[in-house]
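**Student:** Next up is a structure, given as structure tokens.
Numbering (this note's numbering), first residue to last: 27 to 424.
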């Protein structure tokens, strides 16, 4: 893609761009935020972290982190590498309505305590990095009057984290089934002394909510997999550890599949309407698109494979690869009138995969180069033969 843009420089110039050039990866990400969120009044954001295995003790920021691919509930595996906290904009596919994509805009490299001490940096938790990025986006989006809605799993939307998220940002997340809930405090009586209460009476937790009789049963299809049959209970209140935010909690009990009891919630902003239970569950399911993005940037763009080790290069290279993922998806969803040709078909496939999009973009770049380099290529059999051989190679590269 760099060659197709007309750049003809020594490869060292591209390394210097990441290692020592004066530019801000955050400003690039905010410019992409404006592009991805154009025309939207409410912008949905997804947040999560991912591990990029790296080798070498001198690579900046590396450390031992939990490997989610090799870990399970009863076993934890660790790997040496970089851990990235990523915040992205969730958009809906124009070609396949209802299919979400998460397009990364801001990334932060997480240093564990040992790495922070080694590199003489202040230790910051993953949630602190997320909150810092969220405040940057909130200030930027506030200039255009956009509302933000954060989607995250329990690690980033737990009640203790919700208490630190600005009230202007709506949140949809997941909590444990025994989370403590309470009512808002009662109004103070005239002449009452003492510190004002911040919590009211205790409310049943999500697991207790499901103990009631006569609860409705629903069939839900939130992901690409099969539909699931659940019992559903819902209620309103406040979390014990976030007593200033009103929340609507949805508890579901899976009637098959062994997933048991799960609890989700939404904390709307002051100006937002309160959604129903199925809307809350559907919005939470959009969060999965960031996991798909992580898989694609690792396997298709190779963001975990750069051979660099300095501070700026380590912080910029992988983040730039994540931003490029968003640009490729945005190009496919806005610039192309039709879906990219499918390279590989499988059962249940709907729409184009990222590999399809990447192959279509590479072919478009190749066509652009051919038009500028061989303006009469259509009349030259030798060039046409070369083109016919290059096309399948470009497709295989995806």
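From the three backbone atoms N, C-alpha and C, an ideal C-beta is built for every residue, glycine too. From a predicted model like this one, the values you see are computed outputs, not experimental measurements.
1) Run through DSSP, which three-state label would residue 337 get?
2) Please work out which residues of its chain come closer than 6 Å, Cβ to Cβ, to residue 378, disregarding the five sequence neighbours upstream and downstream, and give them in chain order.
3) Around the C-beta of residue 186, are 16 or more other C-beta atoms found within 10 angstroms, so that it is buried, or is it exposed?
4) Check this for me: beta carbons of residue 71 and residue 176, under 9 Å apart or not?
5) Whole angstroms is fine: what's the gap from residue 151's alpha carbon to residue 190's?
6) Applying the 10 Å Cβ sphere with the 16-neighbour rule, what's the burial state of residue 141?
7) Do three or more CB pairs link the region 213 to 223 to the region 233 to 240 at distances below 8 Å?
8) Nearest by alpha-carbon distance to residue 76: which of 213, 148, 330, 334 is it?
9) Starting from residue 187, trace the alpha helix (DSSP H) in both directions and tell me its first and last residue.
10) Skipping 5 residues on each side, what residues in its chain have a beta carbon closer than 7 Å to that of residue 210?
11) In terms of residues, what are the limits of the beta strand (DSSP E) holding residue 398?
12) When we look at the beta-carbon of residue 372 and count the other beta-carbons within 10 Å, is it buried (16 or more) or exposed?
13) Tell me, to the nearest whole angstrom, how far the beta carbon of residue 276 is from that of residue 260; I am working on the premise that it is less than 8 Å.
14) On the DSSP letters alone, give me the boundaries of the alpha helix (DSSP H) that residue 309 sits inside.
15) Tell me which same chain residues have a C-beta within less than 8 Å of the C-beta of residue 61, skipping the five on either side of it?
16) Report yes or no: do three or more beta-carbon pairs, one from the region 152 to 159 and one from the region 169 to 184, lie closer than 8 Å?
17) First and last residue of the beta strand (DSSP E) that includes residue 198?
18) Cutting at 7 Å between CB atoms, please list the residues of its own chain near residue 322, excluding the five before and the five after it.
19) Does residue 243 come within less than 9 Å of chain B when only Cβ atoms are used?
20) Going by beta carbon distance, what residues of the same chain come within less than 8 Å of residue 253, once the five residues before and after it are set aside?
21) For residue 337, collect the residues of the same chain with a Cβ closer than 6 Å to its Cβ; drop the 5 residues on either side in sequence, then sort them by chain order.
22) Classify residue 27 as buried or exposed, calling it buried when 16 or more other Cβ atoms lie within 10 Å of its own Cβ.
23) Within the region 71 to 106, note down every full beta strand (DSSP E) run reaching 3 residues or more, in order along the chain.
24) Does the region 275 to 292 touch the region 88 to 107, meaning 3 or more C-beta pairs lie closer than 8 Å?
25) Whole-angstrom Cβ separation of residue 66 and residue 172, contact assumed at under 8 Å?
26) Would you tell me roughly how many angstroms separate the C-alpha atoms of residue 398 and residue 392, rounded to the nearest one?
27) If residue 348 and residue 126 are in contact, beta carbons under 8 Å, what's the gap, nearest whole angstrom?
28) Please classify residue 312: is it buried, with 16 or more other beta-carbons within 10 angstroms of its beta-carbon, or exposed?
29) Nearest CA to the CA of residue 419: which residue from 369, 394, 139?
30) Within a Cβ cutoff of 7 Å, which residues of the same chain sit near residue 30, ignoring the five residues on either side of it in sequence?
**Tutor:** According to the structure shown:
1) helix
2) 365, 366
3) exposed
4) yes
5) 13 Å
6) buried
7) no
8) 330
9) 185 to 188
10) So the list reads 226, 264, once near-sequence residues are dropped.
11) Taken as a continuous stretch (DSSP letters only), residue 398 belongs to no beta strand (DSSP E), being part of the alpha helix (DSSP H) at 380 to 399.
12) exposed
13) 5 Å
14) 303 to 311
15) 356
16) Inter-segment contact for the region 152 to 159 and the region 169 to 184 is present: three or more beta-carbon pairs are separated by less than 8 Å.
17) Note, residue 198: beta strand (DSSP E), 195 to 201.
18) 351, 380
19) In summary, chain B is missing from the structure at hand, where a single protein chain is found.
20) For residue 253, where only same-chain residues beyond five positions count, the Cβ hits under 8 Å are 245, 246, 247.
21) 86
22) Residue confidence is low: residue 27 scores 46 on pLDDT, short of 50, so the model does not pin down where it sits. Its coordinate-derived value is still stated next. Looking at its Cβ environment, which holds fewer than 16 other Cβ atoms inside 10 Å, residue 27 is exposed.
23) 89 to 92
24) These segments do not touch.
25) 7 Å
26) 10 Å
27) About 17 Å; that fails the 8 Å criterion.
28) buried
29) 369
30) Confidence at residue 30 is low in this model, with a pLDDT of 48, below 50, so the placement of that residue is unreliable and no value is reported for it.
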